[in-house]
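K.L.:
Handing you a structure now.
Protein chains: 2
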Amino acid sequence: MLSNQFQNGIESAKLTWARLPNSEEDEAEEVGVSRKEDGNRVESLDYEVVENHAYREEQAQRGKLYVGYYVGVKWFFALLIGIGTGLAAVFINISVENFAGWKFSLTFSLIQKSYIAGFLLYILINLVLVLSSAFIITNFAPAAAGSGIPEIKGYLNGVDTHGILLFRTLIGKIFGSIGSVGGGLALGKEGPLVHTGACIASLLGQGGSTKYHLSSRWLQFFNSDRDRRDLVTCGCAAGVAAAFRAPVGGVLFALEEVTSWWRSQLMWRVFFTSAIVAVVVRTAMGWCKSGKCGHFGSGGFIIWDISGGQEDYSFEELLPMAVIGVIGGLLGALFNQLTRYITSWRRNYLHKKGNRVKIIEVCLISVITSVISFGLPLFRKCSPCPEADPNFPIECPRPPGMYGNYVNFFCGKDKEYNDLATIFFNTQDDAIRNLFSAKTIHEYSAQSLLTFLVMFYTLAVVTFGTAVPAGQFVPGIMIGSTYGRLVGMFVVSFYKKLNIEEGTYALLGAASFLGGSMRMTVSLCVIMVEITNNLKLLPLIMLVLLISKAVGDAFNEGLYEEQSRLRGIPLLESRPKYEMRKMQAKEACGNQKVVYFPRVIKVADVVSILKSNNHNGFAVIDHTRSGETLVIGLVLRSHLLVLLQSKVDFQHSPLPSDTGGGSFPIRHNFSEFVKPASSKGLSIHDIRLGPDDLEMYIDLAPFVNRSPYIVPEDMSLTKVYNLFRQLGLRHIFVVPRASRVIGMITRKDLLIEENEGPATVELQSTSVRDWLRNRRHAARNGEAELPLLNGLLVAQ
Amino acid sequence: MLSNQFQNGIESAKLTWARLPNSEEDEAEEVGVSRKEDGNRVESLDYEVVENHAYREEQAQRGKLYVGYYVGVKWFFALLIGIGTGLAAVFINISVENFAGWKFSLTFSLIQKSYIAGFLLYILINLVLVLSSAFIITNFAPAAAGSGIPEIKGYLNGVDTHGILLFRTLIGKIFGSIGSVGGGLALGKEGPLVHTGACIASLLGQGGSTKYHLSSRWLQFFNSDRDRRDLVTCGCAAGVAAAFRAPVGGVLFALEEVTSWWRSQLMWRVFFTSAIVAVVVRTAMGWCKSGKCGHFGSGGFIIWDISGGQEDYSFEELLPMAVIGVIGGLLGALFNQLTRYITSWRRNYLHKKGNRVKIIEVCLISVITSVISFGLPLFRKCSPCPEADPNFPIECPRPPGMYGNYVNFFCGKDKEYNDLATIFFNTQDDAIRNLFSAKTIHEYSAQSLLTFLVMFYTLAVVTFGTAVPAGQFVPGIMIGSTYGRLVGMFVVSFYKKLNIEEGTYALLGAASFLGGSMRMTVSLCVIMVEITNNLKLLPLIMLVLLISKAVGDAFNEGLYEEQSRLRGIPLLESRPKYEMRKMQAKEACGNQKVVYFPRVIKVADVVSILKSNNHNGFAVIDHTRSGETLVIGLVLRSHLLVLLQSKVDFQHSPLPSDTGGGSFPIRHNFSEFVKPASSKGLSIHDIRLGPDDLEMYIDLAPFVNRSPYIVPEDMSLTKVYNLFRQLGLRHIFVVPRASRVIGMITRKDLLIEENEGPATVELQSTSVRDWLRNRRHAARNGEAELPLLNGLLVAQ
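Shown next as structure tokens:
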């Protein structure tokens, strides 16, 4: 019984078009009446096809139970995305930590005998790891290169980049980032994790990968663009939550940075996904505590706890903190600018020469990175260990093979450490932990920090955009915390107060650089708080972020926007351009010709039109009884291609195809019209049609989007832009100014009460429900009773 | 020079209408041509009036410098709002803490001699405080009763409630909440603080209160609805940030709970305001540390630090935590239901009897509350003090006159304490601190907690909706933490583990009750984390919130939605109703008659139409040269009333009033058309017109909104709803299906590059800029060159 109802619900979600109860039509309807006569009927049918985000609600109009089931499945998928992304993050972290730990322990044990041998081994291991990563990317999953966030942002903004959500991209991203991060390049695994989460979400949404026969029919449930985008949003949040162990930060990242439009229902589900990720990651870490995960231990998942650090701050400190914000804005903007130039140079010259060049490039950078990170500390004189503070015992030098401050590297005496090696010859996670650490004043010399800053900044800029998965979060934190600590050192020596910690300034520096480069605010702030597990510095982080973003904005756009533009992803910014204020809607579509389709069209004509231009949407027109032309809707190129390929809708007669009663035969499954995320979609050149096919006709009426959004020709383009972006549209019709108004919808008209509340009487004299019932009744009795525009035309 | 430019900018922001450069018009234009002839001209003018949110951008189209100035002022106002709200919060907190501290210390010193005298004094002080609050509310600022959040939510959703943002409301809210909270009622000061922040923002936005001559001309800068709403959003965030010292929570509260539509620029400014509040509050607290603020000390601003508590949790604990979530959902939903019944009963019966009844009611509740909170602990047997843990010394009983656990109240021996008095006979802040406290296992007996839960729940339900300012946050936390601690007690005795803290369960209980009642997720989660200063419990809080919200949603709506509905505030929910899926746009405006105005209309007709109905918007029509009717826009009742009142636009001729060149004489200052937030606005009955006036004409063309949003008649109502809500509209025209399409706007058309990037060439073969220039050029050469719909009409 229950399952039957579900079945009915699912059936009804297929491509059916309901006729609205309109008695006038029922009489006039006959099969085969001339097109001119039934033109009017077309006007009041309600077939609504795929493209637009509200269609699902129309489709699923049968059965409340089905809606409940549908919502339940959405939540179940949110759960699966959380678990999947959490597990992927755990896998990547364990692998990276093990590779890196194994690499460092091997190198350390070898340099006890020979520094040369250790040097060569270190270079070799890094090279192998990076090479494997570059090989995977170039030969198997080219879309997995880079961070993936610009592409995901584009996808959620409405622009598909080919291949970003494929199964092979997911695999390439996971294994590629293990190689590139494990290989010690100046990049992070956080951006790729966001992409990984998005891939997992998208693959789940389309029921697995069809290419690799991993798909399940049962899972092919979400075949609308909107549902997929919602899932991908969940995936992004899960990725951030997993990467930083920052569930709230994940939600906010998805909200602020990634999505273009947002509903509170979605927020609620994204929140759930993030919570699941937090639980999964925590469970895995608990499991690893017993030592089952090899080198994976205190490193790995980021929590750079600074709880032992500075608790309070005085007003004089606000000045150096503001300086950090300014530096962050400047260096961040510079980073964006440099990476933009280098990336565009790479794309236009270097990477056009083929995969071999890409691999050589990555290997070269790997060798350089290894040489610098191993070689530079060699030239640095070792410092004597500080006297141990009995309250905060920190071993110096740290015991071999463990994580911690005060690395003994190429030092003569036993009680010495190499400060440059402490940050350079280490995994990035540990380096950051050391930079953030409290109670370690004077651990680093200004010279070392400056050297590291310059070298690492250069490496990060150069590495960005190579053919490996690469995130910018961790390198950004490295750079920022270095100059932050540098400023902190000056503050300590200048203010001579005991409670100032250099680690706090390092944290603020990290926030400032990320703010200056990525230009996020709330989400970044929450992420910083969550990864340092310290709320006390929140106002300071906010302050620094505000300054660095403002400074950065004075120079260029955020990192992701710049990169999106480079990749040719046309993101619609949240703010319309200044020029639009002076423009009208019709100017925006100035010298483009609108291509019209008649309702019933010859197949040959369809083909020739599709070949003659590359528009994606076409207006469909028909004629009313009185011979007037009438726009009946919008048909998409992709739908036309599906129709041409399947051929089932071809007919011999140039007359409309209704089987009576205004309904059309159901020949298509709804999902046929959904472009799979994993392919480029059909092209007109892929379709083979015989001469017989070309002579046939096709009735487009069932396949048009009956009510695309429309704007009058002289509407300000700013308004059009807001409409377009806020609703996530793809096409808007610009129509002439109307000659009459059928009605005006205000807030009251949209307040439909499901249950009568006892108190709503205060608002309206009669219950809204009765009023609505009357109204519906009126509508049912045909158009004659509707106010026909001679309503109250006064004083003419 | 500079100031001149500013002046020009401000001038141009006044009500002017630009003519678009259209050479064809220039020739045809003459003063006094017949209306029929210049009908076409009207079509391409671009006058855009007040109502709609995008208009400001159109208005400020002159001068980029002006835009910069304008943005700067917005930021300055955000700063002022932050400072103002922070100071208001500090003032309220210091006052409340001093009144309460003084009350308790007086009572405690008196009960050393006589419990009866202490009892009477306690009742009397509470009564006086509450009475003063009720007196202020009933006689001075009736709109300041309750929490104010539903009204603010309504305001930001687009519904003005009279008087909520007045200066007197602000004053009433501040002093009223000092009285009601200081008087020990079962309510909080957090909701009122949000309202206070909103009032401050709104008053700043309109340049002070005109009624009390506190306004400044210089400040009257923001006279659009949109800017005011933005400021009020900032104010709400500032209120939460100040109330809980939770800046990020404030931003998220404004985002999730309050606003209906949201832009990332606004988020950025709201974030700034919150940061300012945090700085102000922190500064004030630092200043008070030296003892200058009387009793204001460790209490006051909420930070219920639980950092000494439970750090870890095991899997078995998830079950009792889920149980807490379920209890929270049930009790929260019950709370909403009960308060709804009681409020509606109050509104319909009790409060209709006048202010005296309201005051008597509040006083009665105050006396009952005092009797219960003083009397009940008297019946409770005292418990012996636990043995002191040398690691965590907590004094037992606490020293008199200080804050802390283990209150000695009516106990015989010295080393005893009264557990009911510890939570009941205390300020709410301290009671919560005691409930959250760690290392105090077995402090409370189950019996005491249960007694307290039942009594306080009842008191909170009864107090809700009386004529005093009242927030629900702190009472909710009280209720939740009580049953949370109760569950925690069972967990401690059942699992018999040492690391389980009852305080942690109390925190989860608080989160669950708030989630079950207010149904917020992300913002509540962040607020809970910020007020407890502990991130470790974040995943648990998320879990509990998810469960309690889901359980609560099964029964009824959130507290604020219920209350909004009771108050007759028609909020548009984020999700369209189920019924809308089957409806079309024209059904929603079914039997309403559209009222048309001709472009030039007799004043008498305007008056009679305005009197004959209560529509707020009217369609304005005109005729083209060919005699066709054409809808030229929407005119608002409020604007018509302004025109009728000022009379300056009256003319003797029934012909259009253009002074040539398509421009209209500027007779109005832009701000005249903005309804002040502090008044009900004009009514048609307020306007006195002589018989001469009534015989005159008025040309509406300059005052219509030329391009209101339009939808075709058969668009699905779900789509219409989304359009309406996402863009924050007030009127939508339903128009017939168009007979032709002038153009189609897609993403590419909206991507206008301000600067040519080197890489955009990848996307388009020619630069976007050139293409746009051509396009604009085409538009300038008159309509003849535009694609006239015979474009590509194929296969007809």
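For the record, the sequence lines run as chains A and B.
2080 is the number that the working numbering gives the last residue of the first sequence; the numbers go up by one with no jumps.
2080 is the number that the working numbering gives the last residue of the second sequence; the numbers go up by one with no jumps.
Even glycine gets a Cβ: it sits at the ideal position worked out from N, Cα and C.
This one's a predicted model, so the numbers in the text were calculated from it and none came from an experiment.
(1) Does the separation of the CB atoms of A:C1647 and A:V1414 fall below 8 Å?
(2) Classify A:L1450 as helix, strand or coil using the three-state DSSP reduction.
(3) Between the region 1510-1542 of chain A and chain B, which residues of the former have CB atoms less than 7 Å from a CB of the latter, in chain order?
(4) Distance check for B:D2033 and B:R2053, CA to CA, integer angstroms please.
(5) Just to confirm, is the Cβ distance from B:R1512 to B:G1481 under 8 Å?
(6) Please state whether the Cβ-Cβ distance between A:G1533 and A:V1810 is less than 8 Å.
(7) Going straight from the alpha carbon of A:G1438 to that of B:V1932, what length do you get?
(8) With DSSP run on the structure shown, which of helix, strand or coil describes A:S1848?
(9) Counting only Cβ pairs nearer than 7 Å, list the residues of chain B close to A:L1819.
(10) Here's the rule I'm using: 16 or more other beta-carbon atoms within 10 Å means buried, otherwise exposed. How should A:E1311 be labelled?
(11) Can you pull the chain A residues whose beta carbon is under 8 Å from the beta carbon of B:P1823, in chain order?
(12) Could you give the residue range of the alpha helix (DSSP H) that holds B:K1870?
(13) Quick check on DSSP: helix, strand or coil for B:D1444?
(14) On the CB-based measure, 16 or more other CB atoms within 10 Å of its CB, does B:H1726 come out buried or exposed?
(15) In terms of residues, what are the limits of the alpha helix (DSSP H) holding A:K1642?
(16) Between which two residues does the alpha helix (DSSP H) containing A:Y1981 stretch?
(17) Along the region 1878-1898 of chain A, what residues have a CB closer than 7 Å to any CB found in chain B?
(18) Tell me whether the beta-carbon of B:T1766 lies closer than 8 Å to the beta-carbon of B:L1719.
(19) Helix, strand or coil for A:L1812, going by three-state DSSP, please let me know.
(20) Runs of 4 residues minimum, wholly inside the region 1749-1828 of chain B: which ones carry the alpha helix (DSSP H) assignment?
(21) Are the beta-carbon atoms belonging to A:T1516 and A:L1469 less than 8 Å from one another?
(22) Kindly indicate which three-state DSSP category B:V1904 falls into: helix, strand or coil?
(23) Hey, does B:T1422 have any beta-carbon neighbour from chain A nearer than 8 Å?
(24) Report yes or no: is there a C-beta of chain A within less than 8 Å of the C-beta of B:R2024?
(25) Quick check: is any heavy atom of the ligand NAP less than 7 Å from the C-beta of B:Y1880?
(26) Please confirm whether B:T2030 has its beta-carbon closer than 8 Å to some beta-carbon of chain A.
(27) Quick one, which residues of the region 1976-2004 of chain B are near chain A if we go by CB-CB under 9 Å, in chain order?
(28) Could you check if B:R2014 is buried or exposed, using at least 16 other CB atoms within 10 Å of its CB as the buried criterion?
(29) From A:K1886 to B:M1999, what does the alpha carbon distance come to, in whole angstroms?
(30) Report the CB separation of A:S1657 from A:D1703 in whole angstroms; it is logged as a contact under 8 Å.
(31) Name the two residues that bound the continuous alpha helix (DSSP H) containing A:H2015.
(32) Check whether the Cβ atoms of A:I1761 and A:F1740 sit closer than 8 Å, and answer yes or no.
(33) Looking at C-beta atoms only, is the number of pairs between the region 1457-1468 of chain A and the region 1863-1882 of chain A that lie closer than 8 Å three or more?
(34) Give me the residue from B:L1408, B:C1483 and B:L1394 with the minimum Cα distance to B:A1425.
(35) Kindly identify the DSSP beta-bridge partner or partners of A:E1700.
(36) The region 1793-1808 of chain A: which residues have C-beta closer than 7 Å to a C-beta of chain B, in chain order?
P.N.:
This is what the structure holds:
(1) yes
(2) coil
(3) P1531, V1532, V1535 and E1540
(4) Unreliable positioning characterises B:R2053 in this predicted model, as indicated by a pLDDT of 41, which lies under 50. A coordinate reading is not provided.
(5) no
(6) yes
(7) 52 Å
(8) helix
(9) E1814, N1817 and L1819
(10) Unreliable positioning characterises A:E1311 in this predicted model, as indicated by a pLDDT of 24, which lies under 50. A coordinate reading is not provided.
(11) P1531, A1559, A1562, V1563 and R1566
(12) A1869 to A1872
(13) coil
(14) exposed
(15) N1639 to F1663
(16) Not the alpha helix (DSSP H): A:Y1981 falls in the beta strand (DSSP E), residues Y1981 to D1983.
(17) V1878, V1879, Y1880, P1882, I1885, K1886, D1889 and I1893
(18) yes
(19) Looking at the sequence itself, residue 1812 of chain A is Met, so the reference to Leu does not match. Here A:M1812 sits in helix by DSSP.
(20) 1757-1779, 1786-1802 and 1806-1816
(21) Sequence inspection shows Val at residue 1516 of chain A; the Thr mentioned does not correspond to that position. Against a cut-off of 8 Å, the Cβ pair of A:L1469 and A:V1516 comes out as no contact.
(22) strand
(23) no
(24) yes
(25) Absence of the ligand NAP is noted for the structure shown, with no ligands found whatsoever.
(26) yes
(27) R1990, S1991, P1992, Y1993, I1994, V1995, P1996, E1997, D1998, M1999, S2000, L2001, T2002, K2003 and V2004
(28) buried
(29) 28 Å
(30) Incorrect: roughly 14 Å between the Cβ atoms, too far for contact.
(31) A:H2015 -> not in any alpha helix (DSSP H); beta strand (DSSP E) instead, spanning H2015 to V2019.
(32) no
(33) no
(34) B:C1483
(35) A:P1668
(36) T1805 and V1806
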